């Protein structure tokens, strides 16, 4: 990485931190995660939804969190109960995958940054160094520095819960499906985020100046290592599932058939857990490569004023994240997923008590037999209010739920060379806990 080098983008002078290759490859990794989770488990990769579901399962009693016990009157009832059960497990394990990815980044920060040719996390801004230079974490100076994390975390938590999504669920997944709700939500929170950032920071922040570095191309070996989670969920899991889906042998009696189906269901349930975790881990790695773990990178993109663009302080990298993330996700959805969803829906209409053919269901249909893709098209006050609040929090902090959770994981297992580990941990914990509390509050509205 070098500093002080200007870059051109569409004839404009871009920030020295402009990283189109890293952002594009990282975006492709995000698209792989989106497609893997949807194809295997029929679930949309909405990180805020997973986070709020996980928080709910942690704060609620087992009795209230468990699905209602009732007699299934049709195969469709069984499918609904099974899908709801799996969705809660997926939410928890995906979240653990994000935290694990962050822990790996934190523990191996320096060698990874060297091989990837870019920063994974922002350095502590010069204005906050006093927290570790003579003042404790509970001093008035520290409270003043950390209080914004409480405010912005609360805004992100309330906003994503009310608005039913964030940059992953609405922007990445929703836009790739041409969802009108996601289009409105994205336009709302993005415009609010831009306005918020520009109103708070008329000029580049100290953090952005401290983190400005011209990236160099990553090594091939480092990129290959980051794809290991995809090898597991995209290659190994489907191969194992295919082996378990063998047809019944001739002369198989009823007991043997039930045992075989039970084994297949158990295999699918275990594969669902593996898939959720490694998709989360791969998504975390993708976020690191895109630069979205760095508020300076996000805020550099949100600085879309004419003066900032003319001055060469605008960083258009996130446009390449969208290119790598949305376009492949959309192609994958409309070519391989939507035809199966439509075919399954048609079968449901023809026979209410029948189940869709295996080929029209998610890969792990014994664990997740139903497609859980949002179909709402209404634009209500919750969507608009939630998107606005999320935009305020995102534009002020540069953090949305995914990067916040990965950052928390990194703070829990910091590199030995990180002298500011306690500051990172305090800020990450405050933001995440506030985000969780905000979601709980919004859940009763």
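In the UniProt record's numbering, the protein residues as written are 1 to 445. Heads up, the beta-carbon is just placed ideally off N, CA and C, and yes, glycines get one too. Source: prediction; values computed, not measured.
- In this model, residue 42 and residue 257 are separated by some 26 Å (Cα to Cα).
- Around the C-beta of residue 239, fewer than 16 other C-beta atoms lie within 10 Å, and the residue is accordingly described as exposed.
- Within the same chain, Cβ atoms closer than 6 Å to the Cβ of residue 219 are found at 115, the five residues on either side in sequence being excluded.
- In this structure residue 44 is in contact with residue 173, their Cβ atoms being roughly 5 Å apart against a cut-off of 8 Å.
- Beta bridge pairing from DSSP links residue 43 with 372.
- Fully contained in the stretch 314 to 373 is no beta strand (DSSP E) run of length 3 or more.
- Between the C-alpha atoms of residue 371 and residue 139 there is a straight-line separation of about 50 Å.
- For residue 311, there is no enclosing alpha helix (DSSP H), since its DSSP letter is neither H nor E.
- Apart from sequence neighbours up to five positions away, the residues of its chain that approach residue 401 with a beta-carbon distance below 7 Å are 47, 48, 51, 156, 160, 166, 435, ordered along the chain.
- With a cutoff of 8 Å on beta-carbon distance, residue 428 and residue 152 are scored as not near each other.
- The beta carbon of residue 96 lies closer than 8 Å to those of 277, 280 in the same chain, with the five residues before and after it left out.
- In this structure, residue 215 and residue 285 do not form a Cβ contact; the two beta carbons are roughly 16 Å apart against a cut-off of 8 Å.
- Straight-line measurement puts the Cα of residue 232 at about 15 Å from the Cα of residue 243.
- When Cβ pairs closer than 8 Å are counted between the two stretches, the stretch 304 to 314 is seen not to touch the stretch 403 to 421, the count staying below three.
- Taking the Cα of residue 374 as reference, the smallest distance to any Cα among 30, 112, 175 is reached at 175.
- Look at residue 422 here: in three-state DSSP terms it is helix.
- Runs of the beta strand (DSSP E) lying entirely within the stretch 269 to 293 and spanning at least 3 residues: none are present.
- Excluding the 5 residues flanking it on each side, residue 196 has same chain C-beta neighbours closer than 7 Å at 391, 392, 395, 396, in chain order.
- Taking C-beta atoms as the reference points, residue 405 and residue 112 fail to come closer than 8 Å.
- Counting along the chain, the unbroken alpha helix (DSSP H) around residue 145 starts and ends at 140 to 162.
- For residue 235, no alpha helix (DSSP H) encloses it, and the DSSP letter there is neither H nor E.
- Approximately 18 Å separates the beta-carbon atoms of residue 225 and residue 27; this is outside 8 Å, ruling out the contact.
- Assigned with DSSP and collapsed to three states, residue 173 falls in helix.
- DSSP places residue 378 outside both helix and strand once states are collapsed to three, so it counts as coil.
- Classified as buried, residue 308 has 16 or more neighbouring CB atoms from the shown chains inside 10 Å of its CB.
- Taking 8 Å as the cut-off, the Cβ atoms of residue 149 and residue 431 count as close.
- Contact between the stretch 294 to 305 and the stretch 383 to 390 is absent: fewer than three C-beta pairs spanning the two stretches fall below 8 Å.
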